[in-house]
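Participant:
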Amino acid sequence: MSNFKLSRLLCVIFSVSVLISFCPRGTYGMDGSQVEAIIGYENELGKQFIIENSNNINHHFNKIAALAVTIDEDVLEEINDSENISYIDQNAAVALSNNAQNITEISEVEMGEMEQWNIQSIGAPYAWEEGATGNGINIAIIDTGIFPHSDLTISGGFSTVDYTKEWLDDNGHGTHVAGIIGSKRNDTGIVGVAPESNLYAVKALDANGEGTLTDLLEAMEWSIENDMDILNFSLSTEENSLALKDMMDMAYEEGMLIVGASGNDGENVTYPAKYESVIGVSAVDGRLNITGFSSTGDEVEFSAPGLNIVSTYLHDSYGEGSGTSQASPHVTGLLALLKQKHPEMANSDLRAELINHVQDLGEKGRDSFYGYGFITYVPDDQTAPGTVKNLKQTKSSTDSLSVGWGNPVDADFARVHVYMDDSLITTINGADASVYTLTELAADTEYTITLYTEDKVGNLSEGVSYTAKTAAVQSDPDDESVVVDEKNDVDSDELNDGKAAESGNDGHNNAASQSSDKAKEEANQSGQNNAGSTGKHQEVNADLNKKVTAALPKDKDDSIENPSVASGESQSAAKNGEPANDEQSSIGGSPDSAKTEGSSELAERGDSSEIADPSDNNKSYETAAGNQEKADEKPKDTEEPDQNSEEGNIFTRFFEAIGKLFATLANWITALFN
248 MSNFKLSRLL
258 CVIFSVSVLI
268 SFCPRGTYGM
278 DGSQVEAIIG
288 YENELGKQFI
298 IENSNNINHH
308 FNKIAALAVT
318 IDEDVLEEIN
328 DSENISYIDQ
338 NAAVALSNNA
348 QNITEISEVE
358 MGEMEQWNIQ
368 SIGAPYAWEE
378 GATGNGINIA
388 IIDTGIFPHS
398 DLTISGGFST
408 VDYTKEWLDD
418 NGHGTHVAGI
428 IGSKRNDTGI
438 VGVAPESNLY
448 AVKALDANGE
458 GTLTDLLEAM
468 EWSIENDMDI
478 LNFSLSTEEN
488 SLALKDMMDM
498 AYEEGMLIVG
508 ASGNDGENVT
518 YPAKYESVIG
528 VSAVDGRLNI
538 TGFSSTGDEV
548 EFSAPGLNIV
558 STYLHDSYGE
568 GSGTSQASPH
578 VTGLLALLKQ
588 KHPEMANSDL
598 RAELINHVQD
608 LGEKGRDSFY
618 GYGFITYVPD
628 DQTAPGTVKN
638 LKQTKSSTDS
648 LSVGWGNPVD
658 ADFARVHVYM
668 DDSLITTING
678 ADASVYTLTE
688 LAADTEYTIT
698 LYTEDKVGNL
708 SEGVSYTAKT
718 AAVQSDPDDE
728 SVVVDEKNDV
738 DSDELNDGKA
748 AESGNDGHNN
758 AASQSSDKAK
768 EEANQSGQNN
778 AGSTGKHQEV
788 NADLNKKVTA
798 ALPKDKDDSI
808 ENPSVASGES
818 QSAAKNGEPA
828 NDEQSSIGGS
838 PDSAKTEGSS
848 ELAERGDSSE
858 IADPSDNNKS
868 YETAAGNQEK
878 ADEKPKDTEE
888 PDQNSEEGNI
898 FTRFFEAIGK
908 LFATLANWIT
918 ALFN
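Position in the sequence shown counted from 1, then plus 247, gives you the numbering used here.
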């Protein structure tokens with residue numbers, strides 16, 4: 248029995264050994280592990296060797312010598328030793344440079360198309376003015392797809408993901424990138440850098456923004472085979488794939504321009520932007536400072552707007568996002584403009600041409616943060632428009648200034664920038680009125696107004712400046728500092744009182760005894776004596792002289808040509824204690840006309856003085872000054888100014904002085920005719 252049992256045990260062991268010998272080999276022995284890989288081959292023998300040893304051929308690439316396969320890992324190690332094999336790459340994961348969670352959906356765009364900071368900062372409108380809009384340029388957006396949108400025109404697409412053959416965006420990232428590149432210029436929503444370019448949705452990433460190296464290579468191959476001009480990659484991978492490099496190099500050799508986001512980890516540039524054939528792009532903010540999230544390094548070639556960028560989004564909405572994913576499509580769009588403008592240029596020439604359209608930031612020349620600089624289109628027209636003409640002040644007040652000017656006649660003149668003391672105040676379109684009012688200014692202050700003209704492509708003139716001044720604040724009429732001072736009022740009262748007394752007593756006795764020549768001589772002397780009067784009295788007398796001149800007869804003698812001289816004689820005579828009428832000559836004419844006109848003037852002033860009748864030689868000619876003397880009952884030579892009166896209303900005393908002067912003149916005229 249023991250021998251029988253032993254024989255049976257040996258038989259079982261042998262059977263198991265035979266079965267084991269026929270089991271297929273797995274990656275780690277018995278577990279049967281398989282991997283996906285992209286294997287490059289040197290020749291046909293290498294290609295056949297891969298096919299014979301792979302479990303499945305996933306894709307046979309036409310543009311590069313490689314196969315995407317599923318293979319046992321231990322077999323893969325054996326193949327790698329073959330001289331007919333070029334490389335073996337894992338089918339590594341590929342993901343967005345940033346994901347859709349970084350895009351915030353907004354229901355509507357509050358700003359206008361031409362108010363987008365990113366579009367204005369890169370100078371895209373200047374290219375449009377020259378006719379460059381991206382028309383006819385094919386752009387492959389290798390991303391999550393593109394969702395249909397009223398602001399987008401999608402020319403076609405392709406999907407490389409396994410779960411769908413549709414290129415529709417189920418993430419939102421690809422749609423956002425597409426809008427930055429080519430959103431239509433239709434006065435609604437937003438506008439892209441190249442609004443007339445042909446957009447192609449090449450879906451290589453799924454709803455989570457994830458994909459594989461194989462999907463990415465298939466997308467590139469489709470782009471090459473379908474004659475795309477520019478490829479945009481707003482995605483990244485940490486793996487340095489030789490297959491990916493070969494495909495990028497092949498696309499570049501085929502004449503394509505390739506643009507890639509530098510990455511968003513704030514550290515080293517990621518792939519594919521790291522490859523020589525790819526233009527790596529970093530992101531800057533609105534102040535053109537490098538963003539904190541932007542990956543930097545020697546591979547960065549250009550920088551572009553990448554913060555708070557508004558663009559198209561899912562379900563015909565809009566979204567705001569930040570990242571190098573948003574920066575790279577700006578470079579893609581600008582390259583489309585240059586390619587349309589220079590169709591004869593090769594991709595390498597266009598890449599070099601882009602260096603001529605940058606603003607150098609950071610260190611001079613190329614650096615690891617901004618590359619060659621921040622992209623900004625430089626138009627061909629570098630000639631500034633003419634300056635404004637006849638810039639002048641048209642109106643002013645204590646807190647405002649108005650200026651006017653003439654615009655230049657240049658056909659491309661677009662707008663005028665108004666600066667005040669080197670600060671920009673406003674911009675006025677060329678079609679608007681060439682006048683502007685500056686407000687909230689300080690009184691009695693000079694301001695330098697400078698106007699710069701600009702043409703349609705951004706050329707600025709040297710500018711024209713004008714110094715304007717606001718009006719001074721008018722003082723209160725009751726302020727003693729700007730009205731006749733009290734001292735001068737007292738002098739005027741005393742002077743007018745003397746003139747009235749002298750004229751009333753002696754005017755009619757001597758009117759005919761003096762010659763015209765002597766009157767002129769005395770008038771000149773009197774004018775000199777009166778030169779010492781205060782400035783305030785001269786202003787009052789000047790106003791009176793105008794009134795008296797209007798009241799004098801039209802056929803008067805030349806000896807009274809200037810009434811201010813005659814008034815001066817009367818004042819001089821009164822001050823010297825001489826009769827005013829002794830030095831005057833008789834003048835023909837109608838005294839009634841002088842009387843009537845004089846009375847009318849006094850009536851307008853509200854004066855209470857009486858106009859003496861020249862026919863009554865015995866009638867006393869009383870004036871307001873004489874009445875005041877009687878009321879005070881003081882001799883003239885001892886009269887002192889009333890202190891209470893000095894503290895009175897200066898405005899009232901001013902008009903009282905005027906009334907007294909009118910009365911004196913009326914008496915003088917009456918005496919003169921008598």
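Where is the CB? At the ideal position from N, CA and C, for every residue including glycine.
What residue range does the beta strand (DSSP E) around residue 445 cover?
Facilitator: Following the DSSP letters along the chain, one finds residue 445 inside the beta strand (DSSP E) bounded by residues 445-450.
Participant: Between the beta-carbon of residue 339 and the beta-carbon of residue 482, is there less than 9 angstroms?
Facilitator: no
Participant: Is the number of C-beta pairs between the segment 432-449 and the segment 462-482 that are closer than 8 angstroms three or more?
Facilitator: yes
Participant: Please state whether the Cβ-Cβ distance between residue 314 and residue 326 is less than 9 angstroms.
Facilitator: no
Participant: Assess, as a yes-or-no matter, whether the segment 501-515 is touched by the segment 534-547 under the definition of 3 or more beta carbon pairs within less than 8 angstroms.
Facilitator: yes
Participant: Measuring only the C-alpha atoms, how far is residue 428 from residue 456?
Facilitator: Whole-angstrom Cα-Cα distance: 19 angstroms.
Participant: Taking only runs of the beta strand (DSSP E) that begin and end inside the segment 518-605, which ones reach a length of at least 3 residues, in chain order?
Facilitator: Qualifying beta strand (DSSP E) stretches, in chain order: 526-531, 547-552, 556-559 and 565-568.
Participant: Measure the C-alpha to C-alpha separation of residue 375 and residue 562 and round it to an integer number of angstroms.
Facilitator: 29 angstroms
Participant: Please state if the CB of residue 490 and the CB of residue 575 are separated by a distance shorter than 9 angstroms.
Facilitator: no
Participant: Candidates 473, 337, 504 and 415: which alpha carbon is nearest residue 486's?
Facilitator: 337
Participant: Using 8 angstroms as the Cβ pair cut-off and three pairs as the minimum, do the segment 583-595 and the segment 652-664 touch?
Facilitator: no
Participant: How would you label residue 307, buried or exposed, when you count the other beta carbons within 10 angstroms and need 16 or more for buried?
Facilitator: By the Cβ-count criterion, residue 307 is exposed, with fewer than 16 other Cβ atoms from all chains shown falling within 10 Å of its own Cβ.
Participant: Helix or strand or just coil, what does DSSP make of residue 652?
Facilitator: strand
Participant: What do you get for residue 909, buried or exposed, if any count of 16 or more other CB atoms within 10 angstroms of its CB means buried?
Facilitator: buried
Participant: Where does residue 286 land, buried or exposed, given buried means 16+ other C-beta within 10 angstroms?
Facilitator: buried
Participant: Let me know the secondary structure DSSP gives residue 477 once reduced to three states.
Facilitator: Note: residue 477 maps to strand in three-state DSSP.
Participant: Have a look at residue 391 and residue 405 and give me their C-alpha separation to the nearest angstrom.
Facilitator: 11 angstroms
Participant: If I follow the unbroken beta strand (DSSP E) through residue 293, where does it start and stop?
Facilitator: It is not in any beta strand (DSSP E) - residue 293 instead sits in the alpha helix (DSSP H) that spans 291-300.
Participant: State yes or no: is the C-beta of residue 379 within less than 9 angstroms of the C-beta of residue 584?
Facilitator: Yes; because the gap between Cβ atoms is below 9 angstroms, this pair is in contact.
Participant: Which parts of the segment 335-391 are runs of the alpha helix (DSSP H), unbroken and 4 residues or longer, counting only runs that do not cross its ends?
Facilitator: 364-368 and 371-376
Participant: From what residue to what residue does the beta strand (DSSP E) around residue 319 run?
Facilitator: Where residue 319 is concerned, the enclosing beta strand (DSSP E) stretches over 313-319.
Participant: Within the segment 392-478, note down every full alpha helix (DSSP H) run reaching 4 residues or more, in order along the chain.
Facilitator: Qualifying alpha helix (DSSP H) stretches, in chain order: 420-429 and 460-472.
Participant: Would the segment 619-627 count as touching the segment 408-426 if we require 3 or more Cβ pairs under 8 angstroms?
Facilitator: no
Participant: Over what stretch of residues does the alpha helix (DSSP H) that includes residue 489 continue unbroken?
Facilitator: From DSSP, the alpha helix (DSSP H) with residue 489 extends over 489-500.
Participant: What's the C-alpha gap between residue 353 and residue 554?
Facilitator: Answer to the nearest angstrom: the Cα atoms are 16 angstroms apart.
Participant: Ignore the nearest five residues each way along the sequence and tell me which others in residue 710's own chain have a CB closer than 6 angstroms to its CB.
Facilitator: Cβ neighbours of residue 710 beyond the five flanking positions: 697 and 699.
Participant: Which whole-angstrom value describes the C-beta separation of residue 586 and residue 476, a residue pair presumed to lie in contact below a C-beta threshold of 8 angstroms?
Facilitator: 6 angstroms
Participant: Quick check on residue 918: does DSSP put it in helix, strand or coil?
Facilitator: DSSP, reduced to helix, strand and coil, places residue 918 within a helical segment of the structure shown.
Participant: Can you list, in chain order, the residues of its chain with a C-beta nearer than 6 angstroms to that of residue 294? Leave out the 5 residues immediately preceding and following it.
Facilitator: Within the same chain, Cβ atoms closer than 6 angstroms to the Cβ of residue 294 are found at 288, the five residues on either side in sequence being excluded.
Participant: Could you tell me how far apart the beta carbons of residue 444 and residue 381 are, in whole angstroms, since I believe they sit closer than 8 angstroms?
Facilitator: 3 angstroms
Participant: Rounded to a whole number of angstroms, what is the C-alpha to C-alpha distance between residue 610 and residue 440?
Facilitator: 27 angstroms
Participant: Do the segment 711-722 and the segment 633-650 meet, that is, are 3 or more Cβ pairs less than 8 angstroms apart?
Facilitator: Three or more beta-carbon pairs drawn from the segment 711-722 and the segment 633-650 are found closer than 8 angstroms, and the two stretches are therefore classed as touching.
Participant: Between the C-alpha atoms of residue 403 and residue 284, what's the straight-line distance to the nearest angstrom?
Facilitator: 30 angstroms
Participant: Would you give the residue range spanned by the beta strand (DSSP E) that residue 667 belongs to?
Facilitator: 660-667
Participant: Any idea what DSSP makes of residue 911, helix, strand or coil?
Facilitator: Note: residue 911 maps to helix in three-state DSSP.
Participant: Going by beta carbon distance, what residues of the same chain come within less than 6 angstroms of residue 649, once the five residues before and after it are set aside?
Facilitator: 641, 642 and 684
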